[in-house]
Amino acid sequence: VKYKVPVLSSSSVEVLDTEKTSSERRFHINRLAATDTRELSNLKVSIRLPESFEELDHIALLRARSFYVFPPERAFSGKLMVEMKAGEESERLRGLRQGAMEGGETVTPLLATASVLDLQHAGGAPDNAGVSPLLTRQGQEEVVGSLDVFLRGSSPPDSAILRGNVDAGAYMANVCVSPSALRRGVARQLVAAAQDYARTQGAPVLYVITLAVNEKAGGLYRNCGFVVEKEESANAAKGRGGCLDGIEGRANVVLFKCTL
């Protein structure tokens with residue numbers, strides 16, 4: 003079974019393989035389930051705008067690693083996909099830095115970094131796949147998360163669920179955290195920073211979409227003051243090619259809204 007793969011700007015929608023066998027039919031469902039989401043510690047992070055092309059490249063690679071996840075038996079093809087998507091996202095981010103506009107809206111990437119020492123003290127460790135850390139500022143800080151804030155009311159390119167809802171608002175996209183910093187408060191701090199930024203830009207509400215089965219993301223947004231605005235039906239998801247784990251219609255998304 004083949005299905006469409008969304009672009010990175012799908013705001014934490016992690017649908018990431020293009021072929022599924024029967025043995026893989028619960029891979030993403032199990033991965034996104036909220037088994038234990040308690041924070042292990044509170045990592046002190048710095049949230050800011052990227053300062054260099056190198057940091058933009060780090061963000062791109064982190065997003066590709068986060069959004070394009072494959073089971074172990076597909077590791078080789080997964081690596082190629084991650085490299086390709088990281089390159090595409092790097093080009094997009096570099097274009098933003100040079101003042102490019104996407105579809106008429108303003109897009110602002112936010113970067114979360116932590117000192118290497120703080121990350122070690124908080125119990126952070128490299129992921130078990132041996133992926134190298136993304137270091138910046140002469141190796142003193144590690145890139146541990148990022149997201150984009152879109153202003154001036156436009157919709158993500160891969161879903162019509164926001165249509166008519168964000169004319170005066172803003173929305174988040176590409177919310178991700180490094181494996182070395184998971185369950186250490188990084189995502190919560192990133193979302194809070196996005197809320198503050200959107201508020202200072204005059205947006206009355208902030209939206210985000212995620213997969214309906216992504217219990218981890220849904221729990222995060224609810225804890226940050228978001229409520230469900232609406233949910234896409236399985237038939238609508240099927241119509242746009244929204245499959246997950248090889249099952250058509252399973253990749254339906256939920257629109258969350260936070261009043262600022």
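Its first residue numbered 3, the sequence shown is counted upward by one per residue in my numbering.
Note that beta-carbon positions come from the ideal geometry of N, C-alpha and C, so glycine has one too.
Point to revise | Distance between Gly97 and Leu45 (C-alpha atoms, nearest Å) | key: The count along the sequence shown starts at 1 and reaches residue 45 at position 43. The count along the sequence shown starts at 1 and reaches residue 97 at position 95. About 31 Å.
Check your understanding: Between which two residues does the alpha helix (DSSP H) containing Asn176 stretch?
Key -> Numbered from its first residue, the sequence shown carries residue 176 at position 174. Not the alpha helix (DSSP H): Asn176 falls in the beta strand (DSSP E), residues 172 to 179.
**Study point:** Where Ala238 sits in the DSSP three-state scheme
**Key:** Indexing the sequence shown from 1 puts residue 238 at position 236. Shown here, Ala238 sits in a helix according to DSSP, grouped into three states.
**Study point:** Buried/exposed call for His60, threshold 16 Cβ in 10 Å
**Key:** Here residue 60 is taken as the residue at index 58 of the sequence shown, counted from 1. It is buried - the Cβ of His60 has at least 16 other Cβ atoms within 10 Å.
Practice item. Would you mind sorting Ser25 into buried or exposed? The rule is 16 or more other CB atoms within 10 Å of its CB. Key: Counting from 1 along the sequence shown, the entry for residue 25 is found at position 23. With a pLDDT of 45 at Ser25, under the threshold of 50, the modelled position of this residue cannot be trusted, and the question is left open.
Review point. Where Lys232 and Leu257 are concerned, what is the direct C-alpha to C-alpha distance, given to the nearest angstrom?
Key: Looking up residue 232 in the sequence shown gives position 230. Looking up residue 257 in the sequence shown gives position 255. Looking at the two C-alpha atoms, the distance is approximately 5 Å.
Check your understanding: Helix, strand or coil: how does DSSP classify Tyr209 here?
Key -> As a first step, residue 209 must be located in the sequence shown, where it is residue number 207. Three-state result, Tyr209: strand.
Review point. Which two residues bound the contiguous beta strand (DSSP E) that contains Glu233?
Key: On the sequence shown, residue 233 is found 231 positions in, with the first residue counted as 1. Counted as a single uninterrupted DSSP element, the beta strand (DSSP E) harbouring Glu233 occupies residues 229 to 233.
Point to revise | Rounded C-alpha distance that separates Arg224 from Gln197 | key: Residue mapping note: residue 224 aligns to position 222 of the sequence shown, counting from 1. Residue mapping note: residue 197 aligns to position 195 of the sequence shown, counting from 1. The straight-line gap from Cα to Cα measures roughly 13 Å.
Check your understanding: Distance, Cα to Cα, Leu121 vs Ala183?
Key -> Locating residue 121 in the sequence shown gives position 119, counting from the first residue. Locating residue 183 in the sequence shown gives position 181, counting from the first residue. Cα-Cα distance, rounded: 7 Å.
Point to revise | Segments assigned alpha helix (DSSP H), at least 4 residues, entirely inside the segment 52 to 86 | key: 55 to 69
**Study point:** Cβ neighbour criterion (16 or more within 10 Å) applied to Asn237
**Key:** To locate residue 237, count along the sequence shown from 1; it is residue 235. Exposed.
Point to revise | Residue interval of the beta strand (DSSP E) (run including Gly147) | key: For the purposes of this step, residue 147 is identified with residue 145 of the sequence shown, where counting begins at 1. Unbroken beta strand (DSSP E) run through Gly147: 143 to 152.
Check your understanding: Cα separation between Ser148 and Arg76?
Key -> Position 146 of the sequence shown, counted from the first residue, corresponds to residue 148. Position 74 of the sequence shown, counted from the first residue, corresponds to residue 76. The straight-line gap from Cα to Cα measures roughly 26 Å.
Check your understanding: Would Asp150 pass as a contact of Ala175 if the rule is Cβ separation under 8 Å?
Key -> The residue you call residue 150 lines up with position 148 of the sequence shown. The residue you call residue 175 lines up with position 173 of the sequence shown. Yes, these two residues count as a Cβ contact at 8 Å.
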